[in-house]
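Numbering (the working numbering), first residue to last: 0 to 397.
In what follows, a structure is listed as C-alpha cells, so that the remarks can point back to it.
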C-alpha cells in the first residue's frame, strides 16, 4: 500500500453511535423555522461564511461549531481576553430610524387634528410585515491549552414582528443563555479527532403570540369575574438550568480536506431545573455534516472553501435540503512576520442567499463586519431577511 494510508474501520464507530442516538430521539422534531431562528451561538464571521462555522478562525466559533476542531489548531495555547458580537436586521434598523424621526417630528411640528392622526396611523401601518431581529454574543477569558478548552459566554437573541393575515397579529420571542463551555478533544492516529463539549448554564426564555381577536377577548373579559381567557394563553416566560452536550468528530481526506460530523444538544437538551415561571422549551438536537478544504496557498495568501449540511435529521420536505445546505469561501492574507491572518475576505451562501464579510487584524484588536440574508419562512425563498453584524475581539497565541 505504498503512498496510500490505511483506513481503520473503527473510525466510523462514533459516527454510527451519533446517528443511532439521533434516530432514537424525537427532540429535533418541530417547525422548520426552528432551524433558522435557533441561536445558541452565532457570530459575525459565521454569518459572513453563510453559517459554516468550522471555517472560522476564532476560538469560540470553532468551539461551538465542531468540538473536535480545536485539536487542529497549530498553536499550543490561546487566550481570548474578550469578544463581543452583535447583529440586527434591516427592518429593526428601519424601525429604530422611523421612531427617532417620528419623535423628532412630533416635537417640532404643531400639526394637530386629522393630519397628525393620519401621520401616526401611517407610521403604525409601516410596522406591519417587518421582522425585527437582533442578537448579541459575549465571551470573556476564553482559553485553550492542549486538548482542553474553556469558554465563558452569554448569548441573547430577540425576534418579533407584526403581520395582517386576517386579524392583525403580533409575535415576539426573546432567548438568552449564560453558560460555561468546557471542552476536551484528543487525536487518534494523528489524523482523526474527537471532541466533547459540556455547556452548563441558565436560559431565560419569553414568547408572545396574539392577534387582535385574542387580545380583545382577554381585555373584554378582564373586568368579568368569570374570565375565560388568561394572558398565559398568548404569552409565557421562564428561566431554567441546562446542561447541553455536543459531540464532534473529524478526519482528514488527504492533506488539504477535512470532513466532520457534529451533534449539538445530543439527545435533545431540556431544562433540568425550572428556576422561575414556565419551563423553557427543549434545545433540539442538531446533526450536521461538514467539509472544508484549502484550495490554494502561496506565500502569505490562502484560499479555502467549506460546506455544511445542517440539521440532517430534520430534512423531510423535498426543498429542505436547499434550506439547510450552506456554502462558504474564504481568502486570507497574513503579513510576513505574522502567524495569524491579517486580512480576510469571507463569503457564503446561506439557504441560497449570499453573504459577505471583512476581517481585519489590528494586532491588539480584531474587527469584523458582515452583510447576510437569513430565511425566516418555512422554505428557502419565502421570507428572506437582510441583516448586518459586527464583532470586535482580542486574542493571543502561545
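Each residue gets a CB set at the ideal place from its N, CA and C atoms; glycine is no exception.
Residue range of the alpha helix (DSSP H) that includes residue i
i	result
residue 329	No alpha helix (DSSP H) holds residue 329; the beta strand (DSSP E) holding it covers 324-332.
residue 58	58-64
residue 375	Premise fails: residue 375 is in no alpha helix (DSSP H) and is neither H nor E.
residue 270	Run containing residue 270: none; DSSP gives neither H nor E here.
residue 43	43-47
Buried or exposed (CB count within 10 angstroms, at least 16 for buried), residue i
i	result
residue 54	buried
residue 84	buried
residue 40	buried
residue 225	Note that residue 225 scores a pLDDT of 48, beneath 50, so its modelled location is shaky; the value from the coordinates is reported in the next line. Label assigned to residue 225: exposed.
residue 21	Bear in mind that a pLDDT of 42 at residue 21, under 50, signals an unreliable position, so the number given afterwards is only what the model happens to contain. Residue 21 is buried by the Cβ-count criterion.
residue 323	buried
residue 326	buried
residue 379	buried
residue 294	exposed
residue 381	exposed
residue 196	buried
residue 136	buried
residue 296	exposed
residue 275	exposed
residue 363	exposed
residue 159	buried
residue 271	exposed
residue 337	exposed
residue 143	buried
residue 222	At residue 222, the pLDDT of 47 sits below 50, so the modelled position is not reliable; the number obtained from the coordinates is stated separately. Counting Cβ neighbours within 10 Å, residue 222 comes out exposed, since fewer than 16 surround it.
residue 74	exposed
residue 209	buried
residue 130	buried
residue 397	exposed
residue 96	exposed
residue 200	buried
residue 28	Low local confidence applies: a pLDDT of 38 at residue 28 is under 50, so the model's placement there is unreliable, with the coordinate-based value given in what follows. Exposed is the call here.
residue 320	exposed
Whole-angstrom C-beta distance between residue j and residue i, which should lie under 8 Å
i	j	result
residue 394	residue 365	7 Å
residue 204	residue 280	7 Å
residue 345	residue 47	4 Å
residue 49	residue 349	4 Å
residue 249	residue 65	6 Å
residue 307	residue 287	5 Å
residue 194	residue 70	7 Å
residue 76	residue 63	Rounded, the Cβ-Cβ distance is 19 Å, inconsistent with contact.
residue 67	residue 259	7 Å
residue 157	residue 138	Residue 157 to residue 138, Cβ: 20 Å. No contact.
residue 355	residue 369	7 Å
residue 58	residue 141	6 Å
residue 390	residue 94	About 23 Å separates the two Cβ atoms, so there is no contact after all.
C-beta neighbour in chain B for residue i, strict 9 Å
i	result
residue 370	Of the protein chains in the structure, only one exists, and it is not chain B.
Endpoints, beta strand (DSSP E) assigned at residue i
i	result
residue 296	285-297
residue 248	244-252
residue 130	130-144
residue 256	256-263
residue 349	342-349
residue 304	300-308
residue 67	Segment: none, residue 67 is in no beta strand (DSSP E) and carries neither H nor E.
residue 390	383-396
residue 196	191-197
residue 84	76-88
residue 236	234-241
residue 313	Counting along the chain, residue 313 falls outside any beta strand (DSSP E), and DSSP gives it neither H nor E.
residue 353	352-360
Problem - Inter-stretch contact at 8 Å, needing at least 3 Cβ pairs: the region 168-183 / the region 252-262 - result: no
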